[in-house]
Amino acid sequence: MSTINNSDELRNYASIVYTYKVLGSVHELGKYYLTEKDQKDLKSILGKMEFVVLQTCNRVEIYIHDDTNSQQTVNVVLEFLHTKKGANINKAIIYFGRDVVYHLFRVASGLDSLSIGEYEILRQIR
């Protein structure tokens, strides 16, 4: 019987998070939204690496899976956001490994919402 070390499995995950809280306003967050074209451009840069974008009126989050080096991939995505969207990379909240899952659960459960416990986000996460 084999055992799976969850920390090994999760080490390849990262997320880049921008929220109204970090940026100071929902209006400021608007310029961080990724259009369909932006997402296609990012996909062409990342190649076979996988990513998912979660965008609501209160957040823009990019979840990344990379088999090689999550930190390097995060840097590539941050550079893309800075170049393409003028994003302030110093305002990004970055999570790695288990913290990515923990953060996503907080978001999905409404604990990281403008109104704590708000469940509308569940319909936006698929």
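Residue numbers (the numbering used here): 117 to 242.
A virtual CB, placed ideally from N, CA and C, is assigned to each residue, including glycine.
Using 8 Å as the threshold, is the C-beta distance between Leu145 and Tyr129 below it? As a working mapping, residue 145 is identified with position 29 in the sequence shown. As a working mapping, residue 129 is identified with position 13 in the sequence shown. No, these two residues do not count as a Cβ contact at 8 Å.
When the Cα atoms are used, what is the spatial distance from Val169 to Asp215? The residue given as residue 169 occupies position 53 in the sequence shown. The residue given as residue 215 occupies position 99 in the sequence shown. So the alpha carbons of these two residues sit roughly 17 Å apart.
Note down, one range per segment and in chain order, each beta strand (DSSP E) of at least 3 residues found wholly within the segment 176-222. 209-212
Cβ atoms of Lys207 and Leu139: under 8 Å apart, would you say? The sequence position of residue 139 within the sequence shown is 23, counting from 1. The sequence position of residue 207 within the sequence shown is 91, counting from 1. The answer is yes: Cβ separation under 8 Å.
Helix, strand or coil for Val138? Go by DSSP, reduced to three states. Numbered from its first residue, the sequence shown carries residue 138 at position 22. Of the three classes helix, strand and coil, the one that applies to Val138 here is helix, per DSSP.
Helix, strand or coil: how does DSSP classify Met117 here? Within the sequence shown, the letter at position 1 stands for residue 117. Residue placement at Met117 cannot be trusted, given a pLDDT of 46 that sits under 50; the coordinates are not used to answer.
In the DSSP assignment, the beta strand (DSSP E) including Leu162 goes from what residue to what residue? Position 46 of the sequence shown holds residue 162. Leu162 -> not in any beta strand (DSSP E); alpha helix (DSSP H) instead, spanning 152-162.
Can you give the Cα-Cα distance for Lys153 and Leu194, rounded to whole angstroms? Within the sequence shown, residue 153 is the residue found at index 37, counting from 1. Within the sequence shown, residue 194 is the residue found at index 78, counting from 1. Answer to the nearest angstrom: the Cα atoms are 17 Å apart.
Bridge partners for Ala130 per DSSP, in chain order? Start at 1 with the first residue of the sequence shown, and residue 130 comes out as number 14. Ile180, Phe212, per the DSSP bridge assignment.
So what does Leu170 bridge to, in DSSP terms? Position 54 of the sequence shown holds residue 170. Partner(s): Glu177.
Taking Gln171 as the reference, which of Ser131, Ile161, Asp182, Met165 has the closest Cα? Taking the first residue of the sequence shown as 1, we reach residue 171 at position 55. Out of Ser131, Ile161, Asp182, Met165, Ser131 has the C-alpha closest to the C-alpha of Gln171.
What number of angstroms, rounded off, separates the C-alpha of Asn249 from the C-alpha of Tyr149? It is not possible to answer for residue 249, since the shown part of the chain is limited to 117 through 242.
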